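For reference, the structure discussed in these notes is given below.
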Amino acid sequence: MKKTIFCLILITVISFFTIPMGYAYWIWTPKTGSWTNPKYSVKPNPKEQLKFSLEFYEQGKYKESINECRKLIRRYPRAYEAAEAQFYIALSLEKLNKLYAAYQAHQQVLDKYPFSARIDEIIEHQLKIGEAFMSGEKRKALGMELPVENPSLEIFRKVVENSTYGKFAPKAQYLLAVTLKHLGRFQEARDEFEKVVTTYPDSEWVAAAKFQAADSIGRIAPKADYDQELTKEAKEKFEQFVGSHPDTSLSREAEHQIDSLKEKEAEGNLKIAEFYERQKRYEPARIYYQEIVDNCYYCSSARKAREKLKELEKK
């Protein structure tokens, strides 16, 4: 017995002088017969480790909570608690305002733990993160803003991909289109707005998507040119919108847009009519002048068209 005690004391003394100072927190555990460092230790089961991790989260110690959650995932990767640990890593990153990293951490739950009961909750968090970037939040790394394109495009696309027919998908699809429109990518925006209408015809975002699709087409159309196809299409889209949503506040705006597009169309038709007149092709010129007067009598181009019609009558 005395010999055993003497050996333990001797080992302790030798360890004190031989173990580097950087390992001063290593502790001998007689039960396991090994040295352990509390910094790297994990609770004996995933449930206890998760509870320990969440204590830090509740105390607002988010970095510590992240560290403990990562320990759980490394030690018990197949446990149910691993999915919860990954979820709380994402929440902690949100609290630390590391939003892009939080979005990625949430995505890891969906990719690695599809059995998680928090799928809808996670997608909602991702959507809110996307909205934060859409509202001006900048992507950061090491505390510095990164000169990258608005991450909301990536995030909204991922939300739709994660749950195409889920409750958050129509809004994500609509916001994706709005973001593209804000970036001046009108053709892409138009296509994405139309996806809202075709994929989610019963959603609350359909009316707004129809309006925005028409507006995007109108912004693609040239100010006044010989090719009037896009202008006509935008005008027709707005007219359809007013016909199907006559009582919405957007209908009044749509009517203003229709008037503006008629002005643009009239300007284009005036150019075409003048071209035919210069070529001494008076009949097609007359047709285009008359179309301006009939379809947009209040337009500034209509006054000139009337004068031209009177001149053509003499010819």
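In my numbering, the protein residues as written are -6 to 308. Don't be surprised by glycine CBs; every beta carbon is placed ideally from N, CA and C. This one's a predicted model, so the numbers in the text were calculated from it and none came from an experiment.
Beta-carbon gap between residue i and residue j smaller than 7 Å
i: Val102; j: Ala76; result: yes
i: Ala310; j: Ala247; result: Past the boundaries of the shown model lies residue 310; the chain is included only from -6 to 308, so the question cannot be answered.
i: Leu254; j: Lys228; result: yes
i: Ile395; j: Ser145; result: Because the chain is modelled from -6 through 308, residue 395 falls outside the range shown and cannot be assessed.
i: Tyr69; j: Ser58; result: no
i: Arg183; j: Ala201; result: no
i: Glu320; j: Ala170; result: Residue coverage of the chain in this structure runs from -6 to 308, which leaves residue 320 outside it and unanswerable.
i: Arg111; j: Phe80; result: yes
i: Pro39; j: Glu74; result: yes
i: Phe234; j: Lys203; result: yes
i: His99; j: Ala83; result: yes
i: Ile148; j: Tyr96; result: yes
i: Asn262; j: Glu232; result: no
i: Pro163; j: Ser109; result: no
i: Ile213; j: Phe179; result: yes
i: Tyr282; j: Lys307; result: no
i: Phe45; j: Lys56; result: no
i: Val152; j: Leu120; result: yes
Span of the alpha helix (DSSP H) around residue i
i: Val35; result: Taken as a continuous stretch (DSSP letters only), Val35 belongs to no alpha helix (DSSP H), as it is neither H nor E.
i: Lys228; result: Glu222 to Ser237
i: Arg271; result: Ser242 to Arg271
i: Ser195; result: Note on identity: in this sequence residue 195 is Asp, with Ser being the wrong assignment. Premise fails: Asp195 is in no alpha helix (DSSP H) and is neither H nor E.
i: Ala110; result: Element bounds for Ala110: n/a, residue is neither H nor E.
i: Arg212; result: Val199 to Ile213
Simplified DSSP assignment, three categories, for residue i
i: Thr157; result: coil
i: Gln312; result: Residue 312 lies beyond the residue range present for the chain, which begins at -6 and ends at 308; the question has no answer from this structure.
i: Glu130; result: coil
i: Cys62; result: helix
i: Phe179; result: helix
i: Leu305; result: helix
i: Arg68; result: helix
i: Gln100; result: helix
i: Tyr290; result: coil
i: Pro163; result: helix
i: Lys91; result: coil
i: Pro277; result: helix
i: Leu86; result: helix
i: Gly15; result: Residue placement at Gly15 is flagged as unreliable, the pLDDT there being 44, under the threshold of 50; the coordinate-derived value follows with that caveat. Here Gly15 sits in helix by DSSP.
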